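Please read the structure below before turning to the comments.
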Amino acid sequence: MNRCLLLAAALTLAAPCVVKARSNDVVTRYENAAHCDHVARGVIRDLEQQGRSPSARLTAFKAVVFGASMRGIREVADAGARARGVADIRADVEAIRAQGEEALHAELRRCWTLFSDQAVPDDLI
Numbered sequence: 104m105n106r107c108l109l110l111a112a113a114l115t116l117a118a119p120c121v122v123k124a125r126s127n128d129v130v131t132r133y134e135n136a137a138h139c140d141h142v143a144r145g146v147i148r149d150l151e152q153q154g155r156s157p158s159a160r161l162t163a164f165k166a167v168v169f170g171a172s173m174r175g176i177r178e179v180a181d182a183g184a185r186a187r188g189v190a191d192i193r194a195d196v197e198a199i200r201a202q203g204e205e206a207l208h209a210e211l212r213r214c215w216t217l218f219s220d221q222a223v224p225d226d227l228i
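Taking my numbering, I'd label the letters of the sequence shown as residues 104 to 228.
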């Protein structure tokens, strides 16, 4: 009987930790998706300003991360968690963008690896 009480007490104490860990995962997934969405938008905007068209693969990737960020918003709200605001995420991307085109492209390639188990394709940008 003492074991049952100890187990019940342990589960009661552990439950908030499990919920917090689950909400942290949801927040991380959302923030990664939102970050990568803004990175893809930045690369597309830069290409268009240069008079170049974004590749079909980049456009498709942007759609994937946009969808993931929209799902993330719902998941964060459902979990009752708090995520960083879009303005903060956008500011992070602008800081990367300020480092130059190559830094932004490197971040886009890093984002690809977060959402795909395939190697970064040569025609991404």
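Quick reminder that beta carbons are idealized off the backbone N, C-alpha and C, glycines included. Given the structure is predicted, the values throughout are model-derived calculations rather than measurements.
Between the alpha carbons of residue i and residue j, how many angstroms are there, rounded?
i: residue 162; j: residue 182; result: 30 Å
i: residue 189; j: residue 167; result: 18 Å
i: residue 180; j: residue 150; result: 34 Å
i: residue 225; j: residue 201; result: 24 Å
i: residue 159; j: residue 206; result: 21 Å
i: residue 80; j: residue 127; result: This structure cannot speak to residue 80, because the chain is shown only from 104 to 228.
i: residue 215; j: residue 152; result: 23 Å
I'd like to know whether the C-beta atoms of residue i and residue j end up nearer to each other than 8 Å.
i: residue 196; j: residue 145; result: yes
i: residue 134; j: residue 186; result: yes
i: residue 137; j: residue 199; result: no
Apart from the five residues just before and just after residue i, which ones in its own chain have a Cβ nearer than 6 Å to its Cβ?
i: residue 178; result: 129
i: residue 204; result: none
Since residue i and residue j should fall inside the 8 Å C-beta cutoff, what is the C-beta to C-beta distance between them, to a whole number of angstroms?
i: residue 227; j: residue 139; result: Contact doesn't hold; Cβ gap of about 12 Å is too wide.
i: residue 194; j: residue 165; result: Contact doesn't hold; Cβ gap of about 20 Å is too wide.
I'd like the list of long-range same chain contacts for residue i, defined as Cβ closer than 7 Å, with 5 residues on each side in sequence excluded.
i: residue 176; result: 133
i: residue 113; result: Since pLDDT at residue 113 reaches only 42, below the 50 mark, its modelled position is unreliable, and the value read off the structure follows with that caveat. Same-chain partners within the cutoff: there are none.
With respect to the alpha helix (DSSP H) encompassing residue i, which residues constitute its N-terminal and C-terminal limits?
i: residue 175; result: 159 to 182
i: residue 190; result: 189 to 201
i: residue 207; result: 204 to 218
With a threshold of 8 Å on Cβ separation, who are the neighbours of residue i within its own chain once the five nearest residues in sequence on each side are excluded?
i: residue 212; result: 223 and 227
i: residue 156; result: 150
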